[in-house]
Each structure stands twice: as C-alpha cells, then as structure tokens.
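Shown next, in structure tokens, is the structure this report addresses.
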Amino acid sequence: MITWYSMWIFLWDDVIEDSATPASGITDKVSWIHHQALKYMEYHLGLSSSLEEPIPPTKYCTLFRYAAEPFRKASSLLQRIRFYEELKVYMDGCEVEQEFVRAGELPSWREYWSHRLGTSSVHTYSALGEYMSGGNIPPEMLDTPELKELWVGINRHIVT
Numbered sequence: 001m002i003t004w005y006s007m008w009i010f011l012w013d014d015v016i017e018d019s020a021t022p023a024s025g026i027t028d029k030v031s032w033i034h035h036q037a038l039k040y041m042e043y044h045l046g047l048s049s050s051l052e053e054p055i056p057p058t059k060y061c062t063l064f065r066y067a068a069e070p071f072r073k074a075s076s077l078l079q080r081i082r083f084y085e086e087l088k089v090y091m092d093g094c095e096v097e098q099e100f101v102r103a104g105e106l107p108s109w110r111e112y113w114s115h116r117l118g119t120s121s122v123h124t125y126s127a128l129g130e131y132m133s134g135g136n137i138p139p140e141m142l143d144t145p146e147l148k149e150l151w152v153g154i155n156r157h158i159v160t
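Letter by letter, the sequence shown follows residues 1 to 160 of the numbering used here.
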C-alpha cells in the first residue's frame with residue numbers, strides 16, 4: 001500500500017508542476033485536476049456517496065486506487081477520513097504553490113510557510129502511521145493538540 005501511495009504522491013507533484021506551466025494555456029487546468037483527483041480519491045477511500053467511479057484526471061492518478069484498496073479494507077471510517085483530510089491539505093497547498101508559479105511571483109515568507117508545510121506531504125504519511133504500524137490508536141489520542149503539534153514539529157524538521 002505504502003509503495004503505491006509513495007509512487008502516486010511523487011508523480012502527483014510532477015503532474016501538477018507540468019500542468020502549471022504557462023505553455024499549458026489553460027489557467028484552470030491545475031484546479032480541475034486537483035478537484036477531479038479529490039473526487040477520485042474520495043471514491044476509492046470509500047468516502048463518496050457516488051456509486052460510479054469518477055474518471056481519473058491523469059493516468060498516474062490511477063495509482064492511488066492500488067494504495068486505497070488495502071487501506072480501505074483494513075482501516076476504520078475515521079482513519080480514512082483523517083487520511084483524506086490530510087490529502088486535501090496537501091493538494092490544496094500544491095494548488096496554491098502552483099498559483100504563484102503561474103503568476104511568476106514569489107510568495108512572501110508568511111505565504112510560503114502557510115502552504116509549504118502542507119505540500120511536504122508529511123502529514124499524509126503521519127495519518128497513515130497507525131495503519132502502517134498495524135496498531136489501533138484510540139481517536140482520543142490521535143485527535144489531541146499534542147499529537148498535532150508533534151506532526152507539525154516532524155514536518156518542520158523534514159522541510160527545513
């Protein structure tokens with residue numbers, strides 16, 4: 001599962017960067033890919049009300065299905081929601097990052113850090129930690145400010 005997910009996340013970043021180039025000529029292309037991918041991931045994580053599989057926005061997006069299937073089967077609804085929410089933060093950050101690229105602008109220090117911690121994908125891996133360890137951590141422990149602070153600290157150490 002984690003191998004498929006890692007392949008997907010590295011390719012996702014490349015696809016978004018390629019889609020954001022001015023030569024693409026479609027300024028909303030990144031946003032469209034982003035939102036279609038979220039629908040695709042939501043469906044494969046078993047969180048969508050849709051009975052029909054959304055069309056993957058890129059051929060690489062289909063890799064997510066191979067990561068999601070074993071995760072969906074072995075995890076609780078709460079674990080899948082937590083993972084999806086962290087994926088959304090990651091993808092939202094990637095979209096913001098590419099808006100600066102398309103505009104040919106450098107973000108301010110505050111703007112950079114407001115999305116950079118999301119684009120590292122560290123929190124997505126942190127959200128998978130319980131699954132990868134084969135553990136069952138009570139939600140009361142996972143949803144604490146202390147754990148969120150730990151995740152942010154890990155993220156900052158990796159990013160900087």
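A virtual CB, placed ideally from N, CA and C, is assigned to each residue, including glycine.
Tell me which residue opens and which closes the alpha helix (DSSP H) that residue i is part of.
i	result
residue 58	Unbroken run through residue 58: none, as it is neither H nor E.
residue 136	Segment: none, residue 136 is in no alpha helix (DSSP H) and carries neither H nor E.
residue 70	63 to 74
residue 92	77 to 103
residue 46	Unbroken run through residue 46: none, as it is neither H nor E.
residue 114	109 to 119
residue 150	145 to 159
Considering only the beta carbon of each residue, do residue i and residue j sit closer than 9 Å?
i	j	result
residue 9	residue 160	no
residue 87	residue 38	yes
residue 150	residue 82	no
residue 12	residue 60	yes
residue 5	residue 75	no
residue 43	residue 54	yes
residue 63	residue 7	yes
To which residues of the same chain is residue i closer than 8 Å at the C-beta, ignoring the five residues directly before and after it?
i	result
residue 80	45, 46, 47, 71 and 72
residue 95	16, 30, 31 and 34
residue 171	The first residue shown for the chain is 1 and the last is 160, placing residue 171 beyond what the model contains.
residue 122	151, 154, 155, 158 and 159
Looking only at its own chain, which residues have a Cβ that is under 6 Å from the Cβ of residue i, when we skip the five neighbours before and after it?
i	result
residue 127	82, 83 and 86
residue 21	Unreliable positioning characterises residue 21 in this predicted model, as indicated by a pLDDT of 46, which lies under 50. The coordinate reading is nonetheless provided below. So the list is empty, once near-sequence residues are dropped.
residue 68	44 and 45
Excluding the five sequence neighbours on either side, which residues of its own chain have a C-beta within less than 7 Å of the C-beta of residue i, listed in chain order?
i	result
residue 115	93, 96 and 97
residue 135	none
residue 23	Because the pLDDT of residue 23 is 43, which lies under 50, any placement of that residue in the model is unreliable, and the question is left without a value.
residue 50	43
residue 78	139
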